[in-house]
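Visitor: Using our numbering, you'd call the opening residue of the sequence shown number 234 and step up by one each time.
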Amino acid sequence: MKRLVSMNVELGYVIITASFFVRYVEEGSLESRSFRRKNMRKWCIVELLTGKEENYMLTDLGELFSYSEIEGEKKFLNVVGEGVWRSYITMAEYENKLIFPPYFADSVAVYDLEKQEFEYISLPAETAPEGQRPRQYKKIACFKEKAYFAGDSISALICMDLKTHEIKLCSEWQKEFEKKYGVFTQSNIYSDLCVTGHSFWVPLKEKNYVMEYNMLDDTYTFYRIGERENQYSCICFDGSCFWLSGDEKFITKWDKESGAFELFEDFPLDFTVNTDNGGRKAYFSCSILWNHSIYFAPMSANMCIRIDLESGKMSSLVKRERKNICLIMKKIGNNNALYLEEIDGEKINFSKGCWIERDNSCRAAVISFTEKEKQKLLKKKIEMQMLIQEKGCVDLQLLANSLLPEEKKEQVLHKKDLAGNEIYRMTANGRK
Numbered sequence: 234m235k236r237l238v239s240m241n242v243e244l245g246y247v248i249i250t251a252s253f254f255v256r257y258v259e260e261g262s263l264e265s266r267s268f269r270r271k272n273m274r275k276w277c278i279v280e281l282l283t284g285k286e287e288n289y290m291l292t293d294l295g296e297l298f299s300y301s302e303i304e305g306e307k308k309f310l311n312v313v314g315e316g317v318w319r320s321y322i323t324m325a326e327y328e329n330k331l332i333f334p335p336y337f338a339d340s341v342a343v344y345d346l347e348k349q350e351f352e353y354i355s356l357p358a359e360t361a362p363e364g365q366r367p368r369q370y371k372k373i374a375c376f377k378e379k380a381y382f383a384g385d386s387i388s389a390l391i392c393m394d395l396k397t398h399e400i401k402l403c404s405e406w407q408k409e410f411e412k413k414y415g416v417f418t419q420s421n422i423y424s425d426l427c428v429t430g431h432s433f434w435v436p437l438k439e440k441n442y443v444m445e446y447n448m449l450d451d452t453y454t455f456y457r458i459g460e461r462e463n464q465y466s467c468i469c470f471d472g473s474c475f476w477l478s479g480d481e482k483f484i485t486k487w488d489k490e491s492g493a494f495e496l497f498e499d500f501p502l503d504f505t506v507n508t509d510n511g512g513r514k515a516y517f518s519c520s521i522l523w524n525h526s527i528y529f530a531p532m533s534a535n536m537c538i539r540i541d542l543e544s545g546k547m548s549s550l551v552k553r554e555r556k557n558i559c560l561i562m563k564k565i566g567n568n569n570a571l572y573l574e575e576i577d578g579e580k581i582n583f584s585k586g587c588w589i590e591r592d593n594s595c596r597a598a599v600i601s602f603t604e605k606e607k608q609k610l611l612k613k614k615i616e617m618q619m620l621i622q623e624k625g626c627v628d629l630q631l632l633a634n635s636l637l638p639e640e641k642k643e644q645v646l647h648k649k650d651l652a653g654n655e656i657y658r659m660t661a662n663g664r665k
């Protein structure tokens, strides 16, 4: 593969250059077999969002698509977070914008659907206490003009004003919990936040505790649920009762009004647990109300299970591969099916996906993209890479200039012009 530019150090001065992938230019096509073979990958979906007018899909590399039917054509929109792996793993819609809390990133991303461009809002210093990186916000809940981001970090919860983009830390609840119970705690979530009215619910790392957070006035209430210890990790509401699962082999049904609870322990005979998925102990990662049942997606459990709301009977569905975990379970197709996706628990790469139909049958899911959309995506990534490399070259040029004597600067500028002419000549030939 040719190099457009290279990096050389000569006699105390720097010639600024950068390697860039030019197979696109040299081969003149995205269709070459060698190119496709080296760039094929399985699409790992981290979020599916049912919007007001369109549906949206987000991948682990920040690729954003819209679609009508998930098995139909997808429209490539943009790439969030410069395409860095798992920079953003969830999103929500507000007016004509999509909001992305940062996971492996330091800024909130806001995508304007009309202008088709991103704006990034940096997290203020106060949201990153000592010892914590300002990242790993997994889930989002929007209420009126506010968005709440929740994760497993020390701060656990931040709030952003969707009009002014002001971001504040919401940590008073942690101080109150420690004052009341004598122990510091954090949120403990994998799945979507359970929202009821103007409140969302968060399972806490302190065993048996959950928090109801009122978005209307930023007040909160703690509840201790059950007598047997269980570190809850997902909560689901069926319209009258809450369903909770954690790191113990039972599921709790809880009535908030009466305080009554019931345990469900009659698991299928072939139900087992293993932690070959990176040591994760929670039995289930996601739970959802659908099809007159509560569905639980596996974390350390070896299967997805369903509890029928009428009979209370528990049954097994799709089995989990031994080292896999499931971090996404979503209603799709006008609520006619569930999409379930497994990823390798150690490599965090796509493993398999499946549909769960109304009759609770399962079939393999294949998320496909047209060649046209793949080419749009690749073109966007090339543009982004060029911008990143260009910025790096500019920064390096400024650094070099600050270190070079005047006579050497003239030599650098002369060689830079020669390199620029060479780049133009090569790319022009590639377009012919």
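Backbone N, C-alpha and C fix where the C-beta goes; we use that ideal spot for every residue, glycine too.
Under the three-state reduction of DSSP, which class applies to residue 482: helix, strand or coil?
Guide: Taking the first residue of the sequence shown as 1, we reach residue 482 at position 249. In the structure shown, residue 482 sits in coil (DSSP, three-state: anything other than H, G, I, E or B).
Visitor: Closest to residue 601 by CA distance: which of 546, 492, 298 and 345 is it?
Guide: In the sequence shown, the residue the question calls residue 601 occupies position 368. Among 546, 492, 298 and 345, the Cα nearest to that of residue 601 is on 298.
Visitor: May I ask which residues mark the beginning and end of the beta strand (DSSP E) holding residue 575?
Guide: Translated into the one-based positions of the sequence shown, residue 575 becomes position 342. Segment 570 to 577, the beta strand (DSSP E) holding residue 575.
Visitor: In whole angstroms, give me the CA-to-CA distance for residue 559 and residue 413.
Guide: For the purposes of this step, residue 559 is identified with residue 326 of the sequence shown, where counting begins at 1. For the purposes of this step, residue 413 is identified with residue 180 of the sequence shown, where counting begins at 1. Approximately 35 Å between the Cα atoms of the pair.
Visitor: Nearest to residue 676 by CA position, among 403, 349, 581 and 392, is which residue?
Guide: No answer is possible for residue 676: the residues shown for the chain start at 234 and end at 665.
Visitor: Compare the beta carbon distance of residue 548 and residue 516 with 8 Å and say whether it is the shorter of the two.
Guide: Position 315 of the sequence shown holds residue 548. Position 283 of the sequence shown holds residue 516. Result no, Cβ atoms of residue 548 and residue 516 do not sit closer than 8 Å.
Visitor: What runs of the beta strand (DSSP E), each 3 residues or longer, lie entirely inside the segment 439 to 503?
Guide: Counting only runs of 3 or more, we get 442 to 447, 452 to 457, 467 to 470, 475 to 478, 484 to 487 and 494 to 497.
Visitor: To the nearest angstrom, report how far apart residue 513 and residue 507 are at their CA atoms.
Guide: As a first step, residue 513 is located in the sequence shown; it is residue number 280 there, counting from the start. As a first step, residue 507 is located in the sequence shown; it is residue number 274 there, counting from the start. Their Cα atoms are separated by approximately 9 Å.
Visitor: If you run the structure through DSSP and keep just helix, strand and coil, what is residue 615?
Guide: Counted from its first residue, the sequence shown places residue 615 at position 382. Helix, per DSSP.
Visitor: Return the chain-ordered list of same chain residues with a C-beta closer than 7 Å to the C-beta of residue 569, the five sequence neighbours on each side being excluded.
Guide: As a working mapping, residue 569 is identified with position 336 in the sequence shown. Cβ neighbours of residue 569 beyond the five flanking positions: 591.
Visitor: What whole-angstrom Cβ distance do residue 438 and residue 454 have, given they're in contact under 8 Å?
Guide: Here residue 438 corresponds to residue number 205 of the sequence shown, with the count starting at 1. Here residue 454 corresponds to residue number 221 of the sequence shown, with the count starting at 1. In fact, because the Cβ distance is near 17 Å, the residues do not count as touching under 8 Å.
Visitor: Are the beta-carbon atoms belonging to residue 336 and residue 311 less than 8 Å from one another?
Guide: Your numbering for residue 336 matches position 103 in the sequence shown. Your numbering for residue 311 matches position 78 in the sequence shown. Cβ distance not < 8 Å, so residue 336 and residue 311 don't count as in contact.
Visitor: Is residue 458 near residue 443, with beta carbons less than 8 Å apart?
Guide: Here residue 458 refers to the residue found at position 225 when the sequence shown is read from its first residue. Here residue 443 refers to the residue found at position 210 when the sequence shown is read from its first residue. Contact flag set, yes.
Visitor: Just reading off the beta strand (DSSP E) that residue 409 is part of, what are its end residues?
Guide: Residue numbering aside, residue 409 sits at position 176 when the sequence shown is read from its first letter. Careful: residue 409 lies outside any beta strand (DSSP E), inside the alpha helix (DSSP H) at 405 to 414.
Visitor: Given that a residue counts as buried once 16 or more other Cβ atoms are within 10 Å of its Cβ, and exposed if not, what is residue 551?
Guide: Start at 1 with the first residue of the sequence shown, and residue 551 comes out as number 318. Residue 551 is buried by the Cβ-count criterion.
Visitor: Can you list, in chain order, the residues of its chain whose CB lies under 7 Å from that of residue 427, leaving out five sequence neighbours each side?
Guide: In the sequence shown, counting from the first residue as 1, residue 427 sits at position 194. Once the five neighbours on either side are set aside, the close Cβ partners of residue 427 are 433, 434, 468, 469 and 470.
Visitor: Kindly indicate which three-state DSSP category residue 605 falls into: helix, strand or coil?
Guide: Taking the first residue of the sequence shown as position 1, residue 605 is located at position 372. Residue 605: helix per DSSP, three-state reduction.
Visitor: Using C-beta distances below 6 Å, list every residue in its chain close to residue 355, excluding the 5 sequence neighbours before and after it, in chain order.
Guide: On the sequence shown, position 122 is the one that residue 355 refers to. Answer for residue 355: 340, listed in chain order.
Visitor: Please check the pair residue 302 and residue 472, which I expect to be a contact at CB under 8 Å, by giving their CB distance rounded to whole angstroms.
Guide: One-based indexing of the sequence shown puts residue 302 at position 69. One-based indexing of the sequence shown puts residue 472 at position 239. No, residue 302 and residue 472 are not in contact; Cβ-Cβ is about 28 Å, not under 8 Å.
Visitor: Taking just the CA atoms, how far does residue 487 sit from residue 525?
Guide: Your numbering for residue 525 matches position 292 in the sequence shown. Your numbering for residue 487 matches position 254 in the sequence shown. For residue 525 and residue 487, the distance between alpha carbons rounds to 17 Å.
Visitor: Should residue 349 go down as buried or exposed, given a rule of 16 or more other Cβ atoms within 10 Å for buried?
Guide: Translated into the one-based positions of the sequence shown, residue 349 becomes position 116. The residue in question, residue 349, is exposed, as its Cβ has fewer than 16 Cβ neighbours within 10 Å.
Visitor: For the segment 492 to 499 against the segment 526 to 537, do three or more pairs of beta-carbon atoms, one drawn from each stretch, fall closer than 8 Å, so that the two count as touching?
Guide: At 8 Å Cβ cutoff, the stretches do not touch.
Visitor: For residue 586, which option in 531, 545 and 320 has the closest C-alpha, if you only look at C-alpha atoms?
Guide: Counted from its first residue, the sequence shown places residue 586 at position 353. If we check each option's Cα against that of residue 586, 531 comes out closest.
Visitor: Is the beta carbon of residue 191 sitting closer than 8 Å to the one on residue 371?
Guide: With the chain covering only 234 through 665, there is no way to say anything about residue 191.
Visitor: Sort out for me which residues DSSP pairs residue 312 with in a bridge.
Guide: As a working mapping, residue 312 is identified with position 79 in the sequence shown. The partner list for residue 312 (beta bridge, DSSP) reads 296.
Visitor: Reducing DSSP to helix, strand and coil, say where residue 389 ends up.
Guide: The residue labelled residue 389 in the question sits at position 156 within the sequence shown. Coil.
Visitor: Within 10 angstroms of its Cβ, does residue 449 collect 16 or more other Cβ (buried), or is it exposed?
Guide: Walking along the sequence shown from the start, residue 449 turns up at place 216. Exposed.
Visitor: Beta-carbon separation of residue 424 and residue 390 under 8 Å?
Guide: Numbered from its first residue, the sequence shown carries residue 424 at position 191. Numbered from its first residue, the sequence shown carries residue 390 at position 157. No, they are not a contact pair.
Visitor: Just to check my reading of the structure: residue 281 and residue 563 have Cβ atoms closer than 8 Å, yes? What is that Cβ distance to the nearest angstrom?
Guide: Here the question's residue 281 lines up with position 48 in the sequence shown. Here the question's residue 563 lines up with position 330 in the sequence shown. About 4 Å; that satisfies the 8 Å criterion.
Visitor: If distances are taken between C-alpha atoms only, which option among 440, 351, 309 and 399 comes closest to residue 606?
Guide: In the sequence shown, counting from the first residue as 1, residue 606 sits at position 373. Among 440, 351, 309 and 399, the Cα nearest to that of residue 606 is on 309.
Visitor: Taking just the CA atoms, how far does residue 574 sit from residue 597?
Guide: One-based indexing of the sequence shown puts residue 597 at position 364. One-based indexing of the sequence shown puts residue 574 at position 341. Computed Cα separation, rounded: 10 Å.
Visitor: Is the beta carbon of residue 617 closer than 8 Å to that of residue 409?
Guide: On the sequence shown, position 176 is the one that residue 409 refers to. On the sequence shown, position 384 is the one that residue 617 refers to. Cβ atoms of residue 409 and residue 617: not closer than 8 Å.
Visitor: Comparing alpha-carbon positions, which option in 447, 446, 445 and 441 lies nearest residue 460?
Guide: The residue given as residue 460 occupies position 227 in the sequence shown. When each option's Cα is compared against that of residue 460, the closest is 441.
Visitor: Can you tell which of 374, 318, 304 and 360 has the C-alpha that lies nearest to the C-alpha of residue 324?
Guide: Your numbering for residue 324 matches position 91 in the sequence shown. The shortest Cα separation from residue 324 among 374, 318, 304 and 360 belongs to 374.
Visitor: Within the same chain, show all residues whose beta-carbon is closer than 7 Å to that of residue 322, passing over the 5 residues directly before and after it, in chain order.
Guide: Translated into positions along the sequence shown, residue 322 becomes position 89. Taken in chain order, the residues that qualify are 279, 280, 336 and 371.
Visitor: Give me the DSSP bridge partner(s) of residue 427.
Guide: Locating residue 427 in the sequence shown gives position 194, where the first residue counts as 1. Residue 427 pairs with 434.
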